Amino acid sequence: MQHHILQCSTDETLLAELVAIPSVNPREQAVAAETPLAEFVADYCRRLGMTARLDEVADGRCNVVATMPGRRTDEWLLLETHLDTVETEGMALDPFTAHVRDGRLYGRGACDAKGPLAAFLSALARIAASGRPPERTVVLAGVIDEEHRYRGVTHLLGPDGGTDTTGDGSDRFAARCAGAVVGEPTSLALVVAHKGVMRCRIVATGPGGHSSLPEGRVNPVETAAEVVRHLRAEVATRLARQQRPLVGAPTLVTTQISGGSGPNVLPERCEITIDRRTVGGEEPMQVWRELKDELESHFPGLVEVAPPHVVDHALPAQNEGTGAAFSAEVGRALTAHGLDPTGIGVGHGTDASKICRAGIPSVVFGPGSMTEAHTPREFIELSQLATATDVLVTLLTTGSGRTPGGHGD
Ligand SMILES: [Zn+2]
Numbered sequence: 002m003q004h005h006i007l008q009c010s011t012d013e014t015l016l017a018e019l020v021a022i023p024s025v026n027p028r029e030q031a032v033a034a035e036t037p038l039a040e041f042v043a044d045y046c047r048r049l050g051m052t053a054r055l056d057e058v059a060d061g062r063c064n065v066v067a068t069m070p071g072r073r074t075d076e077w078l079l080l081e082t083h084l085d086t087v088e089t090e091g092m093a094l095d096p097f098t099a100h101v102r103d104g105r106l107y108g109r110g111a112c113d114a115k116g117p118l119a120a121f122l123s124a125l126a127r128i129a130a131s132g133r134p135p136e137r138t139v140v141l142a143g144v145i146d147e148e149h150r151y152r153g154v155t156h157l158l159g160p161d162g163g164t165d166t167t168g169d170g171s172d173r174f175a176a177r178c179a180g181a182v183v184g185e186p187t188s189l190a191l192v193v194a195h196k197g198v199m200r201c202r203i204v205a206t207g208p209g210g211h212s213s214l215p216e217g218r219v220n221p222v223e224t225a226a227e228v229v230r231h232l233r234a235e236v237a238t239r240l241a242r243q244q245r246p247l248v249g250a251p252t253l254v255t256t257q258i259s260g261g262s263g264p265n266v267l268p269e270r271c272e273i274t275i276d277r278r279t280v281g282g283e284e285p286m287q288v289w290r291e292l293k294d295e296l297e298s299h300f301p302g303l304v305e306v307a308p309p310h311v312v313d314h315a316l317p318a319q320n321e322g323t324g325a326a327f328s329a330e331v332g333r334a335l336t337a338h339g340l341d342p343t344g345i346g347v348g349h350g351t352d353a354s355k356i357c358r359a360g361i362p363s364v365v366f367g368p369g370s371m372t373e374a375h376t377p378r379e380f381i382e383l384s385q386l387a388t389a390t391d392v393l394v395t396l397l398t399t400g401s402g403r404t405p406g407g408h409g410d
C-alpha cells in the first residue's frame, strides 16, 4: 500500500497524513489527544502564509485557529470541523495507516472528520498557490471534543476562543461572519437542518425485601417496564405525529435499562436511559421538564426523572434572512460542480447548531458518508474529497452576491 500512497493526488496524501496522526477523543481522561493534529494543521497553514494559533481548551487539548485575509477583510467566513475521532476498537486494518483501494481511503477519521478537514486545507492551499486572495477573510477552526462534550466549539465561540483576529473583541466575530461551513461527512449534500438531543435517566425505586414476599410491595423493575411501555405507546406515538420539514418528527426511545441486585431479592431500584431527539424550536430543558412532569404525575411517588446528562440543540432550518442567503450561496457553489443545491435535514447533531446559536448562519457540508463514520471499516470516496475541495475553492473565491443588508460590491 505504501507505493500506492506515493502515486496519490495532493489531497489524498494530505488526508493520509491527517489519518496517521491519532486524535482519538479521550472522553474524560486528561490526555492532550488532539494537540499533535492541531500542531500539524497550524504548521500547514503557516506554510500557506496564514497566521495560525493553538488555543488550549482543557488538559493541554488545543483548538487550532488559522486566518487567511480576504480581498474584503470586513467580512469573514468560518470553516469549522473537529480534530477528534471516535475510538478504534474492532477496526479491521491499522486505523492510523491510510489504505487506498478502489478509489477509497480507509482509516479512522477518513470521513469523520479528517476528510472534510483535508478538503478545507486543500482548498486553502489551492487559493494560496493561485496568488489571489479569497473573497472574504477565511477563518479555519479545527476544534477538539466534538465526539463527546463539544468543549472545543463552545470554547471557540467564547470570549477567548481565538477568533479575535483583529484584537477588537471576539464578540465582533459573529457580527462579521457571513456564514460557517461545518465540515462533516454529508456525501456532498448541503445540510441546513439537524436534530438536537436530550438524554436523561429515569429512576424507579421501591422498598426491596425477600422475593418470596412480594405482596403489597412496589417492584421498581415492574414500574420501569410500565414506564417503558408508556414512553413508547403514549409519548413516542404523540411525537411521531409532529412532523417537521427536512428533519421529520422528534423521537424518543429507551436506550438502556438496569435494575435489581440478585435473583431472589426484590429490587430497590431500576434505572432507564432515554434518548429524545429534538427538532428546531424545541428547547431541550423545556422538553425535559415536560417529560418529568408527565412521568412524575403519571407514576406518582414511583419514579424520579433525573436532570439531563446530555443536551444539544437542533440546527433549525434557516429559511429566512441571512441564513437563507448563505445557504443559497453555498448551494450555488454546489451547482457550479454539478451537485444538488437543495438543503436537506439529518437526524444527528453537529457543531453547526452551536455556531448558529452564536448568530452565524451555518451549514454542514463535506465528503464521505455518515453511514461509514464510527464504523470498523471507515472510509472516504476519494472522488468526493476532490469534488468537495473544488466546491470550497469556488465558495471562497466567488463574490457573495449579497443582497440587501450586505455590503456587496
Ligand atoms: Zn464528525
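Counting from 2, one number per residue, gives the positions in the sequence shown under our numbering.
Using N, Cα and C, we set each Cβ at its ideal position, and we do this for glycine too.
Everything numeric in this text was worked out from a predicted model, so none of it was measured.
Looking at residue i and ligand 1, is the gap between the Cβ and the nearest heavy atom below 7 Å?
i	result
E147	yes
H83	yes
D113	yes
E185	yes
A353	no
A142	no
A374	yes
Alpha carbon to alpha carbon, how far is residue i from residue j?
i	j	result
S171	S370	Here S171 scores only 47 on pLDDT, less than 50, and its place in the model is too uncertain to base an answer on.
N220	L292	22 Å
L94	R102	12 Å
A124	V42	13 Å
M2	H100	The pLDDT assigned to M2 is 40, lower than 50, so where the model puts this residue is not dependable, and the model offers no usable value.
G180	V58	23 Å
G197	T98	34 Å
G207	I275	21 Å
V222	I361	47 Å
L303	V236	18 Å
E297	R378	44 Å
A176	E227	50 Å
Q244	A250	4 Å
R28	V311	14 Å
L118	G143	8 Å
D44	A17	16 Å
L240	D294	16 Å
E284	L253	15 Å
G162	G153	9 Å
A334	A130	20 Å
D75	F174	10 Å
According to DSSP, what are the bridge partners of residue i?
i	result
Q257	T274
L94	Answer by DSSP bridge pairing: none, since L94 is not bridged.
A63	One detail in the question is off: residue 63 reads as Cys in this sequence, not Ala. E57.
C46	BP columns for C46 are empty, so no partner.
G344	L191
H211	V266
F366	G184
H231	Partner(s): none; H231 has no beta bridge.
H100	Y107
A1	Lying outside 2 to 410, the shown extent of the chain, residue 1 is not represented and no answer is given.
H83	V144
C178	W77
I381	L106
L316	H195
Quick one: what's got a C-beta closer than 8 Å to residue i's C-beta in the same chain, skipping five residues either side?
i	result
N265	H211, S212, S213
H195	V248, A315, L316, G346, V347, G348, H349, G350, T351, A353, S354, V365
G104	E382, L383, S384
T430	Shown here, the chain extends from 2 to 410; a query on residue 430 therefore has no answer.
T224	A205, G207, C271, F300, L303, V304
L375	Looking at the sequence shown, residue 375 is not Leu but His. Answer for H375: V87, D113, listed in chain order.
Y151	D313, D352, K355
Near residue i, what residues of its chain come up, given a Cβ to Cβ distance below 7 Å and the 5 sequence neighbours on each side ignored?
i	result
V331	V182, L191, V364, F366, L396
Q319	V193, A325, S328, P362
E136	G71, R72, R73, L397, T398, T399, G400, S401
P96	T89, G108, R109
G232	As written in the sequence, residue 232 is Leu, which differs from the Gly given in the question. So the qualifying residues of the chain are L253, T255, I275.
T1	Residue 1 falls outside the range modelled here, since the chain spans only 2 to 410, and no answer is possible.
P413	Past the boundaries of the shown model lies residue 413; the chain is included only from 2 to 410, so the question cannot be answered.
Does at least one heavy atom of ligand 3 sit under 7 Å from the Cβ of residue i?
i	result
A241	Within the structure as shown, ligand 3 is missing, the only ligands being ligand 1.
Can you find the residues in the same chain that come closer than 6 Å, C-beta to C-beta, to residue i, ignoring five residues on each side of it along the sequence?
i	result
G406	In this prediction, G406 has a pLDDT of 37, which is less than 50 and means its spatial position is unreliable; nothing more can be read from the coordinates.
D313	G197, V198, G350
G344	L191, V193, S328
N26	D85, E148, H149
D391	H338
Looking at C-beta atoms only, is the number of pairs between the segment 382 to 389 and the segment 352 to 371 that lie closer than 8 Å three or more? Yes, since at least three Cβ pairs between the segment 382 to 389 and the segment 352 to 371 fall closer than 8 Å, the two stretches touch.
For the 8 Å Cβ check, are there 3 or more pairs between the segment 31 to 48 and the segment 61 to 72? The segment 31 to 48 is in contact with the segment 61 to 72.
Contact between the segment 196 to 203 and the segment 293 to 310: three or more CB pairs below 8 Å? By the Cβ test, the segment 196 to 203 is in contact with the segment 293 to 310, since at least three Cβ pairs between them sit closer than 8 Å.
Three Cβ pairs or more, each shorter than 8 Å: is that satisfied between the segment 333 to 342 and the segment 82 to 92? Because the criterion of three Cβ pairs below 8 Å is not met, the segment 333 to 342 and the segment 82 to 92 do not touch.
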